[in-house]
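Residue numbers (full-length UniProt numbering): 1 to 156. The beta-carbon is built from N, C-alpha and C at its ideal position, and this holds for glycine as well.
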Amino acid sequence: MPRETGRKVVASNRKARHDYHIDDTYEAGLVLTGTEVKALRQGRASLVDGFAQIDAGEAWLHNVHIPEYLQGTWNNHAPRRRRKLLMHRYEIDKLAGSSREGGYTLVPLQLYFKDGKAKVEIALARGKKNWDKRQTLRERQDKRESDRAMSLRANR
């Protein structure tokens, strides 16, 4: 059987980009059990309530929902268990220092397979205020309207 290549996105947290200012992103591996990998390969996961945390020099992913594998037996995994993130020491130290600062949190953006290995994209993010969210929506709508006007002008 040939090795898997490329990138296959399993879950994406689109709301995170709406709710947070993304300052920096990191790619981390995940420590998973066999039934978790099988459930992910079926494309089943949710990052909505997920967050990452640094404990005693180790990075952990909390509240990411990977449902139980339907064909699993008595040794199936717990859907919302905390999972260890595999990162370099200097990345963990940098994230620990940054997340201690006020207003910063670690949010998962995407869960995907890269060359057959499960990876998660973690972002160092600051929460947006309500007026920031409205301003972002307004800018997106203005850009869409200007693009639409330019395409109409070009078609004449």
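A direct Cα-Cα distance of roughly 11 Å separates P79 from T33. By DSSP's assignment, V107 forms a beta bridge with A123.
In the assembly as shown, A154 is an exposed residue. Its beta-carbon has fewer than 16 other beta-carbons within 10 Å. Membership of G43 in any alpha helix (DSSP H) is not indicated, and neither H nor E is assigned to it by DSSP. Secondary structure note for I92: its alpha helix (DSSP H) is the uninterrupted segment 89-100.
Bounds of the beta strand (DSSP E) holding R83 are 83-86. Taking a cut-off of 8 Å for Cβ pairs, the region 3-11 and the region 103-118 touch, as three or more such pairs fall below it. Bounds of the alpha helix (DSSP H) holding D147 are 130-155. The three-state secondary structure of A56, taken from DSSP, is coil. Collapsing the DSSP output to three states places H77 in coil. In the DSSP assignment, I22 is bridged to A125. Cβ-Cβ distances below 7 Å link I22 to A123, A125 in the same chain, with the five nearest sequence neighbours on each side left out; the list follows chain order. Burial of E36 is indicated by the presence of at least 16 other C-beta atoms within 10 angstroms of its C-beta. Judged by DSSP in its simplified three-state form, E27 adopts strand. Pairing A16 with E91 gives a Cβ-Cβ distance that is not under 9 Å.
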